[in-house]
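Sequence order for the protein chains is A and B. Position 24 of the first sequence, counting from 1, maps to 23 under numbering that gives the first Met the number 0, and the rest follow consecutively. Position 262 of the second sequence, counting from 1, maps to 261 under numbering that gives the first Met the number 0, and the rest follow consecutively. By construction, the Cβ of each residue, glycine as well, lies at the ideal position given by its N, Cα and C atoms. Every value quoted in this text rests on a predicted model; they were computed, and no experiment measured them.
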Amino acid sequence: MASRVKEMGQLAQDLYDQSESFPAVNRNTKRILASIEVLRMNLEQVSD
Amino acid sequence: MNKAIRYWNPHLETLPRESLEKLQLTKFKRIFRWAYDKSRFHRALYQEAGLHPDDIRTMEDVRRVPKVEKSMMRTVQRKDPFPYGDALCVPLDEVTEFHQTSGTTGQPVYQPDTWQDWEWFSECWATLLWAQGYRPHDRVFLPFGYNVFVAFWTAHYACEKIGCEVVPGGVLDTQARILKIQEVRATAMMATPTYVLGMADAAQKKLSLNPASDLEVRRITCAGEPGALVPSTKRRMELAWGAKVFDHAGATEIGAWGFECEAQPGGLHVNEAMFLAEVEDLETGEPITEAGRPGKLVITALDRMAQPCVRFDAKDIVELSDEQCECGRSYRLLPRGVFGRADDITKVKGVLLAPSAIEDVVRSIPGFGNEYEVVVDKKGDIDHILLKVEILEQNTSAAKELEARLRTELRVKTNLGYDIEIHPYGSLPRYEVKARRFKDLRHKGDE
Numbered sequence: 000m001a002s003r004v005k006e007m008g009q010l011a012q013d014l015y016d017q018s019e020s021f022p023a024v025n026r027n028t029k030r031i032l033a034s035i036e037v038l039r040m041n042l043e044q045v046s047d
Numbered sequence: 000m001n002k003a004i005r006y007w008n009p010h011l012e013t014l015p016r017e018s019l020e021k022l023q024l025t026k027f028k029r030i031f032r033w034a035y036d037k038s039r040f041h042r043a044l045y046q047e048a049g050l051h052p053d054d055i056r057t058m059e060d061v062r063r064v065p066k067v068e069k070s071m072m073r074t075v076q077r078k079d080p081f082p083y084g085d086a087l088c089v090p091l092d093e094v095t096e097f098h099q100t101s102g103t104t105g106q107p108v109y110q111p112d113t114w115q116d117w118e119w120f121s122e123c124w125a126t127l128l129w130a131q132g133y134r135p136h137d138r139v140f141l142p143f144g145y146n147v148f149v150a151f152w153t154a155h156y157a158c159e160k161i162g163c164e165v166v167p168g169g170v171l172d173t174q175a176r177i178l179k180i181q182e183v184r185a186t187a188m189m190a191t192p193t194y195v196l197g198m199a200d201a202a203q204k205k206l207s208l209n210p211a212s213d214l215e216v217r218r219i220t221c222a223g224e225p226g227a228l229v230p231s232t233k234r235r236m237e238l239a240w241g242a243k244v245f246d247h248a249g250a251t252e253i254g255a256w257g258f259e260c261e262a263q264p265g266g267l268h269v270n271e272a273m274f275l276a277e278v279e280d281l282e283t284g285e286p287i288t289e290a291g292r293p294g295k296l297v298i299t300a301l302d303r304m305a306q307p308c309v310r311f312d313a314k315d316i317v318e319l320s321d322e323q324c325e326c327g328r329s330y331r332l333l334p335r336g337v338f339g340r341a342d343d344i345t346k347v348k349g350v351l352l353a354p355s356a357i358e359d360v361v362r363s364i365p366g367f368g369n370e371y372e373v374v375v376d377k378k379g380d381i382d383h384i385l386l387k388v389e390i391l392e393q394n395t396s397a398a399k400e401l402e403a404r405l406r407t408e409l410r411v412k413t414n415l416g417y418d419i420e421i422h423p424y425g426s427l428p429r430y431e432v433k434a435r436r437f438k439d440l441r442h443k444g445d446e
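In structure tokens form, the structure reads like this:
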């Protein structure tokens with residue numbers, strides 16, 4: 000699941016980067032990125 | 000979705016202790032570096048202690064990191080950027096939530112959160128609510144004033160996240176709230192223990208309703224006071240409502256860090272995937288790692304970014320346990336939860352009250368003498384504060400006006416209401432060594 004979350008993050012980041020002149024996409028994508036970050040926390044693995 | 004799954008996060012909540020501790024250290028290093036890089040306040044604090052992010056390698060290193068106290072945050076927030084000061088780690092544009100502490104111990108501390116912080120805070124709440132048995136079929140009534148205090152705001156969003164139906168009981172009075180609970184057939188509720196008992200009392204005395212049989216609330220989550228882990232109080236609440244009552248612990252500056260699970264083990268689990276809880280000796284500040292020895296909680300929110308909470312001196316008194324909870328979580332238990340405060344601050348009606356705040360008000364009004372006495376007790380199940388003051392002889396004709404001013408200023412300063420008794424000058428006790436002007440009689444029958 001963690002790798003799919005990473006892909007989602009990249010996709011959302013692409014959308015965000017393209018949407019500077021499109022507030023409805025920009026703001027909603029920013030919010031999705033916040034949720035994706037919490038998804039990442041939920042699946043975080045231990046680093047050695 | 001399988002609603003029978005016991006854990007909101009089966010991965011984190013059952014991590015073996017060794018893995019959990021490694022995760023905490025990894026996260027601590029990350030939040031420490033973040034605070035060092037982004038916050039002028041934190042960087043100055045750590046530089047003064049001779050610490051650089053590369054120096055944090057072990058838990059022993061973590062314990063060398065200076066603690067942060069609430070009073071330091073008040074100083075920080077007099078600086079730019081307004082209103083948060085230089086502990087802010089993100090551009091102001093990214094702050095989406097404002098809340099503040101109650102201010103009863105002094106100037107309120109403002110708490111900025113970003114969308115990510117708010118999602119994280121809600122996630123912590125979702126973890127605890129799921130552990131207490133909340134599921135999407137629940138209809139949750141929230142009888143709190145939706146305002147600048149964080150209170151149950153993130154519980155609201157956590158309920159939405161779980162899929163519960165949330166009924167906001169904001170500005171309704173107590174009777175209207177009870178009737179709404181009955182009308183919508185709410186199955187769960189969240190409030191302070193004082194209010195849970197007060198609502199039950201109002202239901203019976205003013206509406207002739209028995210919450211246990213006439214209402215359908217079967218799950219109550221408490222916050223703000225320790226009552227839900229005081230056995231007699233928990234019992235009273237559970238009997239009055241015919242519901243399971245659970246405790247939770249959190250704070251504006253920290254987040255929702257502790258929770259009682261459905262097994263009701265008589266204590267709180269620390270959400271150790273999101274928080275690092277350390278316990279220190281009250282006198283020496285030495286770390287306490289063994290079970291059963293009370294100490295002061297020092298806590299780090301491992302993922303809160305806008306205004307980091309790194310080794311925050313929470314002033315809560317807790318003790319560790321080595322017992323494994325029957326729920327199967329690997330998160331450590333704190334028996335009795337938070338069972339005291341490291342200073343003389345106490346909670347009344349869910350609000351932190353510092354006796355010094357009362358003293359400040361009494362002595363700021365010239366018509367009153369220096370002596371006063373505060374008695375906190377229960378009237379029925381509701382906290383009650385009696386304040387006795389002395390009036391100077393030359394001001395006796397203005398007693399009513401002075402009393403009104405005192406009442407107003409106390410309300411503004413402490414967010415609480417008082418019964419006030421005005422006594423002739425010289426009639427209250429005088430003390431020669433240590434004064435005992437603050438008497439808390441609420442727990443005299445608990446021992």
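What residues of chain B sit near residue i, judged by a beta carbon separation below 8 angstroms?
| i | result |
| --- | --- |
| residue 37(A) | 115, 118, 119, 122 |
In chain A, which residues lie with their C-beta within 7 angstroms of the C-beta of residue i?
| i | result |
| --- | --- |
| residue 18(B) | 45 |
Under 8 angstroms by Cβ, that's how I've got residue i and residue j pegged, so tell me the actual separation to the nearest angstrom.
| i | j | result |
| --- | --- | --- |
| residue 1(A) | residue 32(A) | Wrong, their Cβ atoms sit about 16 angstroms apart, outside the cutoff. |
| residue 165(B) | residue 158(B) | 5 angstroms |
| residue 123(B) | residue 254(B) | 5 angstroms |
| residue 131(B) | residue 260(B) | 7 angstroms |
| residue 313(B) | residue 222(B) | Actually they do not touch by this definition, with Cβ atoms about 15 angstroms apart. |
| residue 208(B) | residue 202(B) | 4 angstroms |
| residue 38(B) | residue 86(B) | 5 angstroms |
| residue 194(B) | residue 111(B) | About 28 angstroms separates the two Cβ atoms, so there is no contact after all. |
| residue 168(B) | residue 210(B) | Between residue 210(B) and residue 168(B) the Cβ distance is about 15 angstroms, and since that is not below 8 angstroms, they are no contact. |
| residue 330(B) | residue 271(B) | 5 angstroms |
| residue 213(B) | residue 263(B) | Their Cβ separation, rounded to whole angstroms, is 25 angstroms, which puts residue 213(B) and residue 263(B) out of contact at 8 angstroms. |
| residue 116(B) | residue 236(B) | With a Cβ gap of about 32 angstroms, residue 116(B) and residue 236(B) do not count as contacting. |
| residue 225(B) | residue 336(B) | 6 angstroms |
Assign residue i to one of three DSSP states: helix, strand, or coil.
| i | result |
| --- | --- |
| residue 226(B) | helix |
| residue 16(B) | helix |
| residue 302(B) | coil |
| residue 416(B) | coil |
| residue 16(A) | helix |
| residue 188(B) | strand |
| residue 377(B) | strand |
| residue 22(A) | helix |
| residue 399(B) | helix |
| residue 408(B) | helix |
| residue 338(B) | coil |
| residue 433(B) | Confidence at residue 433(B) is low in this model, with a pLDDT of 46, below 50, so its placement is unreliable and the value that follows should be read with caution. DSSP places residue 433(B) in coil when its eight states are reduced to three. |
| residue 264(B) | coil |
| residue 455(B) | Coverage of chain B is limited to positions 0 through 446, which leaves residue 455(B) absent and any answer about it impossible. |
| residue 142(B) | coil |
| residue 155(B) | helix |
| residue 312(B) | strand |
| residue 445(B) | Note that residue 445(B) has pLDDT 46, beneath the 50 cutoff, so the model's placement of it is unreliable and the number below is only indicative. Three-state DSSP puts residue 445(B) in coil, outside helix and strand. |
| residue 390(B) | strand |
| residue 147(B) | coil |
Residue i touches chain E at which residues, Cβ-Cβ below 8 angstroms?
| i | result |
| --- | --- |
| residue 302(B) | Structure shown: chain E not included; protein chains present are A and B. |
Name the chain A residues whose beta carbon is nearer than 8 angstroms to that of residue i?
| i | result |
| --- | --- |
| residue 10(B) | 41, 42 |
Note down, in chain order, every chain B residue with its Cβ under 7 angstroms from the Cβ of residue i.
| i | result |
| --- | --- |
| residue 11(A) | Within 7 angstroms Cβ-Cβ: nothing; residue 11(A) doesn't reach chain B, min ~13 angstroms. |
Determine the chain B residues that contact residue i at a beta-carbon separation under 9 angstroms, and present them in chain order.
| i | result |
| --- | --- |
| residue 34(A) | 114, 115, 118 |
Q: Compile a chain-ordered list of the residues in the stretch 17-29 of chain A whose CB is closer than 9 angstroms to at least one CB of chain B.
A: Answer in chain order: 29.
Q.
With a threshold of 8 angstroms, are at least 3 pairs of Cβ atoms found where one atom belongs to the stretch 132-141 of chain B and the other to the stretch 212-227 of chain B?
A. A contact exists between the stretch 132-141 of chain B and the stretch 212-227 of chain B.
Q: Determine which residues of the stretch 21-42 of chain B have a Cβ less than 7 angstroms from any Cβ of chain A, and write them out in chain order.
A: When C-beta distances to chain A are compared with 7 angstroms, the residues of the stretch 21-42 of chain B below that value are 21, 22, 25, in chain order.
Q | Segment contact flag, the stretch 272-284 of chain B with the stretch 89-97 of chain B, C-beta cutoff 8 angstroms, min 3 pairs | A | Touching, no.
Q.
Does the contact criterion of 3 or more C-beta pairs under 8 angstroms hold for the stretch 16-27 of chain B versus the stretch 49-69 of chain B?
A. In the pairwise beta carbon analysis, the stretch 16-27 of chain B is classified as touching the stretch 49-69 of chain B: at least three pairs are separated by under 8 angstroms.
Q | the stretch 313-324 of chain B touching the stretch 47-59 of chain B, judged by at least three CB pairs closer than 8 angstroms | A | No contact exists between the stretch 313-324 of chain B and the stretch 47-59 of chain B.
Q. Touch check for the stretch 291-303 of chain B and the stretch 69-79 of chain B: three-plus C-beta pairs under 8 angstroms?
A. Of all C-beta pairs linking the stretch 291-303 of chain B to the stretch 69-79 of chain B, fewer than three are shorter than 8 angstroms, placing the two stretches out of contact.
(Q) With three or more beta-carbon pairs closer than 8 angstroms as the criterion, would you say the stretch 406-423 of chain B touches the stretch 357-366 of chain B? (A) The stretch 406-423 of chain B vs the stretch 357-366 of chain B: in contact.
Q: Inspect the CB distances between the stretch 333-352 of chain B and the stretch 389-409 of chain B and report whether three or more fall short of 8 angstroms.
A: When Cβ pairs closer than 8 angstroms are counted between the two stretches, the stretch 333-352 of chain B is seen not to touch the stretch 389-409 of chain B, the count staying below three.
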